[in-house]
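*Asks:* I have a structure I would like to understand better, so I am pasting it below and will then ask my questions one at a time.
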Amino acid sequence: MKVQVCVLPKAGVLDPQGKAIAGALHRLGHAAVHDVRAGKIFRIDVDAETPEAAKVAAAKMAETLLSNPVIEDFEVEVLS
Amino acid sequence: MKPRVVVVVFPGSNCDRDAAHAAELVMGAETRLLWHGETSLGDPDLVVLPGGFSYGDYLRCGAMARFSPVMQSVRAFAERGGAVLGICNGFQVLCEAGLLPGALVQNGGLRFVCGDVHLRVESERTPFTRRIPAGTRLRMPIAHGDGNWVADPETLARLEASGQIVFRYVDESGSRTPEANPNGSLDDVAGICNEAGNVLGLMPHPERAVEALLGSEDGAEVFRSFAASRA
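Chains as they are written, first to last, in my numbering: chain A, 1 to 80; chain B, 1001 to 1231.
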């Protein structure tokens, strides 16, 4: 089963990379851009009986390794 | 008796020998480099997590090293009150492991920064600064891309109130200015300790400032203070 974990800086946590990307987008003429948050996506192929079980397993991975709960939030999505 | 110092070597550590050298030179320590796959620390007086790029800084700086076999022993050692010093990448590892609060994110200016900075000793709560009067200014090098310490406002207030903020970036005259902060670190924090004071993490490199030949001997104060505190 394929699951996707998306990790993003928490609201309020400084994201220098996102800020720099927003600045570059402005310079390219995308004046309508207000804010960019840069994060990471992990696509994980995992053996699981049900989509729900895959999601639980991925959330556990996200909590312990893929994200740092001090500075990041994550979302899990089952792809297939 | 000579202090016994264990320096942990992760794949990608590159300041391990410098740390051992500094401990030997300044404290006359008996040092041992310990590969991260080992689990037995022996009976050291101090464990150093050195600078470098453990696991190539993959995922987040220090995130992978946290799961190295040796870290379970380091955690147990710290929880028993053992002295642990995390320098640069070692500081990142300690935050990732939850042995120190907050986290280290990318420098505000996005660039890797290296050069000498000035630090002000803010607290004598740890053995590493117990013999350095608060307010003392020390000059030592930094070299990092992710040294921007962040924490929520409650954590910062708690650390401030309990004297756990150990070093702050200042200018040459000892004043806090935006220009003196090299990485955007919250409240100019350069180093913090845990509640008990036995675990210290800092981004600057005291081990690279222990000989006049290296440009500064101020880093030696940190090791000297530790040696004097245990005597």
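Ideal Cβ placement from N, Cα and C applies to all residues, glycine included.
What you are looking at is a predicted structure, and each value in this text was computed from that prediction instead of being measured.
1. Anything in chain B within Cβ reach of Ala20 of chain A, meaning under 9 Å, just list it in chain order.
2. Just checking: is the beta-carbon of Gln4 of chain A within a distance shorter than 8 Å of some beta-carbon in chain B?
3. With distance defined between alpha-carbon atoms, name the residue in B:Leu1046, B:Val1009 and B:Val1048 nearest to His1036 of chain B.
4. Looking only at its chain, what residues have a beta carbon closer than 8 Å to the beta carbon of Pro1127 of chain B, apart from the 5 residues adjacent to it on each side?
5. Under 7 Å Cβ-Cβ, which residues of chain B neighbour Ile44 of chain A?
6. Compute the beta-carbon to beta-carbon distance between Asp1026 of chain B and Val1210 of chain B, rounded to the nearest angstrom, for a pair I have assumed lies under 8 Å.
7. Name the chain B residues that come within less than 9 Å of Val56 of chain A, Cβ to Cβ?
8. Specify whether the region 1004–1019 of chain B and the region 1084–1091 of chain B touch according to this definition: at least 3 beta carbon pairs, one from each stretch, less than 8 Å apart.
9. So which residues on chain B does Val65 of chain A lean against when the C-beta distance must stay under 9 Å?
10. Can you confirm whether the region 1180–1194 of chain B touches the region 1054–1073 of chain B when touching is taken to mean that 3 or more C-beta pairs between the two stretches lie within less than 8 Å?
11. Hey, is Glu1096 of chain B's beta-carbon within less than 8 Å of any beta-carbon in chain A?
12. Given that Val70 of chain A touches chain B, what residues does it touch there, using C-beta distances under 7 Å?
13. Strictly below 9 Å CB to CB, what residues from chain A border Gly1184 of chain B?
14. Closer than 7 Å, Cβ to Cβ, to anything on chain A: give me those residues from the region 1030–1052 of chain B, in chain order.
15. So Val1093 of chain B and Ser1054 of chain B are in contact, right, with Cβ under 8 Å, and what is the actual spacing, rounded?
16. Which residues, in chain order, does the region 1153–1169 of chain B contribute to contact with chain A at a C-beta distance below 8 Å?
17. With DSSP collapsed to three states, give me the class of Lys10 of chain A.
18. Assign Glu1154 of chain B to one of three DSSP states: helix, strand, or coil.
19. Per DSSP, which one or two residues make a beta bridge with Ala1134 of chain B?
20. Determine whether the beta carbon atoms of Asn1194 of chain B and Leu1046 of chain B lie at a separation below 8 Å.
21. List the residues of chain A whose Cβ lies closer than 9 Å to the Cβ of Asn1107 of chain B, in chain order.
22. Where does the unbroken alpha helix (DSSP H) through Lys19 of chain A begin, and where does it stop?
23. In whole angstroms, what is the alpha-carbon distance linking Thr64 of chain A and Glu1096 of chain B?
24. How would you write the range of the alpha helix (DSSP H) that Lys55 of chain A sits in, first residue to last?
25. Output, in chain order, the set of chain A residues within a Cβ distance shorter than 7 Å of Val1150 of chain B.
*Replies:* Result, derived from the coordinates:
1. Leu1110
2. no
3. B:Val1009
4. Ala1083, Gly1197, Asn1198, Ser1225, Phe1226, Ser1229 and Arg1230
5. Correct list: empty, because the minimum Cβ distance to chain B is about 14 Å.
6. What sits at residue 1026 of chain B in the sequence shown is Val, not Asp. Correct: roughly 6 Å between the Cβ atoms.
7. Here the premise fails: no neighbours, minimum Cβ distance about 21 Å.
8. yes
9. It is worth fixing the name first, because residue 65 of chain A is Leu in this sequence and not Val. Neighbours of Leu65 of chain A on chain B, chain order: Leu1059, Ala1063, Met1064, Arg1066 and Phe1067.
10. no
11. yes
12. Gly1102 and Ala1103
13. Leu14 and Pro16
14. none
15. 7 Å
16. none
17. coil
18. helix
19. Answer by DSSP bridge pairing: none, since Ala1134 of chain B is not bridged.
20. no
21. Pro16
22. Pro16 to Arg27
23. 10 Å
24. Pro51 to Met61
25. Val13, Leu14 and Ile71
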